[in-house]
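J.:
2 protein chains.
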Amino acid sequence: MKYSLYYWPEIQGRGEFIRLALEDAGADYVDVLRHSSDFSFPQSQAPFALPFLVAGKRVISQTPAILHFLGPRLRLAPMTEPGRLWVHQLQLTIADWLVEVHDTHHPIGPGLYYEQQKRAARRRAADFLAVRLPKYLDYFEEQLRRASGRYLLGKACSYADLSLFQMVAGLRYAFPSALGGLEKRYPRIIAVIERAAARPRLAAYLASPRRIPFNRQGIFRHYPELDLSPKKSKKT
Amino acid sequence: MKYSLYYWPEIQGRGEFIRLALEDAGADYVDVLRHSSDFSFPQSQAPFALPFLVAGKRVISQTPAILHFLGPRLRLAPMTEPGRLWVHQLQLTIADWLVEVHDTHHPIGPGLYYEQQKRAARRRAADFLAVRLPKYLDYFEEQLRRASGRYLLGKACSYADLSLFQMVAGLRYAFPSALGGLEKRYPRIIAVIERAAARPRLAAYLASPRRIPFNRQGIFRHYPELDLSPKKSKKT
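Protein chains in written order, with the numbering used here: chain A, 13 to 248; chain B, 13 to 248.
#1: Using a Cβ cut-off of 8 Å, pull out every chain B residue sitting near Gln178 of chain A, in sequence order please.
#2: Using the rule of at least 16 other Cβ atoms within 10 Å of the residue's Cβ for burial, across every protein chain shown, is Thr92 of chain B buried or exposed?
#3: Is the stretch 163–179 of chain B touching the stretch 204–220 of chain B, taking contact as three or more C-beta pairs under 8 Å?
#4: Taking 6 Å as the limit between beta carbons, can you name the residues of its chain near Asp239 of chain A, skipping five residues before and five after?
#5: As a quick exercise: from B:Ala77, B:Arg46 and B:His118, pick the residue whose alpha carbon is nearest that of Phe60 of chain B.
#6: Reducing DSSP to helix, strand and coil, say where Ile231 of chain A ends up.
#7: Which whole-angstrom value is the C-beta distance of Phe64 of chain B and Tyr15 of chain B, which I expect to be below 8 Å?
#8: From this set, B:Asp40, B:Ile72, B:Lys69 and B:Ala168, which residue's C-alpha is nearest Lys89 of chain B's C-alpha?
#9: Three-state secondary structure (DSSP) at Lys69 of chain B?
#10: Taking the Cβ atom as the reference point for each residue, do Leu110 of chain A and Ile231 of chain A lie within a distance shorter than 8 Å?
#11: Over what stretch of residues does the beta strand (DSSP E) that includes Ser16 of chain B continue unbroken?
#12: Have a look at B:Gly182, B:Pro221 and B:Ala215 and flag the residue whose alpha-carbon is nearest the alpha-carbon of Arg228 of chain B.
#13: Can you give me the C-alpha to C-alpha distance between Ser245 of chain A and Ala219 of chain B, rounded to a whole angstrom?
#14: Run the CB neighbour count on Met278 of chain A, radius 10 Å, all protein chains shown included, and call it buried at 16 or more, exposed below.
#15: Compare the Cα-Cα distances from Gln155 of chain B to each of B:Pro199, B:Lys130, B:Ala132 and B:Pro119 and report the closest residue.
#16: Taking only three categories from DSSP, how would you classify Asp50 of chain A?
#17: Quick check: what's the CA-CA separation for Leu194 of chain A versus Leu79 of chain B?
#18: Is it a yes or a no for the stretch 25–42 of chain A touching the stretch 127–139 of chain A, going by three-plus beta-carbon pairs under 8 Å?
#19: On the three-state DSSP scale, how would you describe Tyr171 of chain A?
#20: Counting only beta-carbon separations shorter than 8 Å, does Trp20 of chain B have a partner in chain A?
#21: Please report the residue range of the alpha helix (DSSP H) in which Tyr148 of chain A lies.
#22: So if DSSP puts Val42 of chain B in a beta bridge, which residue, or which two residues, is it bridged to?
#23: From the DSSP output, in three-state form, read off Gly27 of chain A for me.
#24: Would you tell me roughly how many angstroms separate the C-alpha atoms of Pro236 of chain B and Arg136 of chain A, rounded to the nearest one?
#25: Which residues does DSSP pair with Tyr163 of chain A in a beta bridge?
#26: Verify the CB distance criterion: does Leu79 of chain B have a CB-CB separation below 8 Å to chain A?
#27: Going by CA-CA distance only, name the one from B:Arg233, B:Ile224 and B:His234 that's closest to Ala31 of chain B.
#28: Can you tell which of A:Asp150, A:His234 and A:Asp36 has its C-alpha closest to the C-alpha of Ile106 of chain A?
#29: What residues of chain B sit near Ser56 of chain A, judged by a beta carbon separation below 7 Å?
#30: Note down, in chain order, every chain B residue with its Cβ under 7 Å from the Cβ of Val99 of chain A.
#31: Measure the beta-carbon distance from Ser170 of chain A to Phe29 of chain A and round it to whole angstroms, keeping in mind my assumption that it falls under 8 Å.
#32: Can you pull the chain B residues whose beta carbon is under 7 Å from the beta carbon of Val111 of chain A, in chain order?
#33: So, helix, strand or coil for Phe177 of chain B, using DSSP?
#34: Relative to the C-alpha of Ala138 of chain A, which residue among B:Ser56, B:Leu124 and B:Arg85 is closest?
#35: Shortest alpha-carbon distance to Gly101 of chain A belongs to which of B:Leu145, B:Asp115, B:Ser56 and B:Gly121?
#36: If we ignore side chains and look at the alpha-carbon of each, how far apart do Gln222 of chain A and Val99 of chain B end up?
Rendered as structure tokens:
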């Protein structure tokens, strides 16, 4: 199957979670908008927003739904319904986490510039780093402890492991100081993301020009004034 | 199949989207925490947060995943994979929309009181009502136009229609003034939610004490200072 991915060509963003799965699986795909700006939404079953994926006659939007669709087809999810639904649940939790990362720099609205919401962003980022981020990291560390394997599902790598890699990569870019102070508490997460990054096809992708660098248009953004070590921020 | 739903007993919240589906289908279920505060998380495949659903030996968390699981079983989603995935995509867009509603009163952090983030809430609510809310309503109105039927999928009611009902019901409670000015632009949405509310089992549920009233602990909250008519708020 040949896949066409439609996503903003200048950023990693949500599309990157799908790119990582397609690249790791060695799938035959085109990242359409990096080569052409010419596209139209399908007439029915229209996406609310990018990304969307075209697979034959099917058009699928919403990152977790796209990964749910691709999972078994790329051998990055179990074939059984319970296993497939479990990795989907993990991905939905990552999606919630990602919205919270986005809102650290855009707490008031996506249509306003960062500079118009800087004060609120400082407060939201402090709360995120002190309260929310450890909650998500604790959760995934605990899932890895329970799975007692190499990956979130145990033996086999799933798209949720690749997404966890992307979360930590993005957080390291956006909040290097805060992350530096946290990482030693999450040895299982760090082991998994290093394992994922060392997978041959993924490593080749990450070293290639196809991997768009993190930047200040994406979801993960580095603003030094938001990267406060949790110890320095007030407890809420 | 007998289902056990675990969700906060004082609010509609995310759990209500599942309650509506179970009630409309006449499913055999227990809303466990309304009768007992005694529960423990499963040892593996633990939920990140409430709600979660127990169905036999299975435990499923994340509202859209629970509805994806229940959909065909309750005859509130197509049996085919493409149809089932499409209604799931609609639900994921509703889930995104719901987060934005929540953040109108909690733009800085869920761990802080509303009173601690009132100023930011006013700005976020104004942006939501002027920019984001019409974007979501336009999208669902357009989907209904394309489906050219009684419901989002055409002839048959799905859990996404029940969720759309819940969104409008919640928005009417939280933002009566803003909604009042918007509703006439969305005749198809209004027709669908009236149709949903008139379904016999759903109507019986809504009139029963099982339907928890909206309140200021839930996701939809009425604070008059946030309910600004979009015309009065500054364009962004």
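The beta-carbon is built from N, C-alpha and C at its ideal position, and this holds for glycine as well. As the structure is a prediction and not an experimental result, all values here were calculated from the model.
T.: If we stick to the structure as given:
#1: Simply none; closest approach about 18 Å.
#2: exposed
#3: yes
#4: Phe187, Ser189 and Ala190
#5: B:Ala77
#6: coil
#7: Rounded, the Cβ-Cβ distance is 11 Å, inconsistent with contact.
#8: In the sequence as displayed, the identity of residue 89 of chain B is Ala instead of Lys. Answer by Cα proximity: B:Ala168.
#9: coil
#10: yes
#11: Lys14 to Tyr18
#12: B:Gly182
#13: In this predicted model, Ser245 of chain A has a pLDDT of only 46, less than 50, meaning its place in the structure is not dependable; the value taken from the coordinates is given anyway. Spanning the two alpha carbons is a distance of roughly 47 Å.
#14: It is not possible to answer for residue 278 of chain A, since the shown part of chain A is limited to 13 through 248.
#15: B:Pro199
#16: coil
#17: 35 Å
#18: no
#19: helix
#20: no
#21: Leu145 to Ala159
#22: B:Ser16
#23: helix
#24: 24 Å
#25: A:Gly166
#26: no
#27: It is Arg, not Ala, that sits at residue 31 of chain B in the sequence shown. Ranking B:Arg233, B:Ile224 and B:His234 by Cα distance to Arg31 of chain B puts B:Ile224 first.
#28: A:Asp150
#29: Arg158
#30: Those do not exist, as Val99 of chain A stays about 10 Å from chain B at its closest Cβ, beyond 7 Å.
#31: The pair is not a contact, with the Cβ atoms about 12 Å apart (cut-off 8 Å).
#32: Val111
#33: helix
#34: B:Leu124
#35: According to the sequence as given, residue 101 of chain A is Gln; it is not Gly. The residue with the shortest Cα to Cα distance from Gln101 of chain A is B:Ser56.
#36: Inspection of the sequence shows that residue 222 of chain A is occupied by Arg rather than by Gln. One C-alpha to the other measures close to 32 Å.
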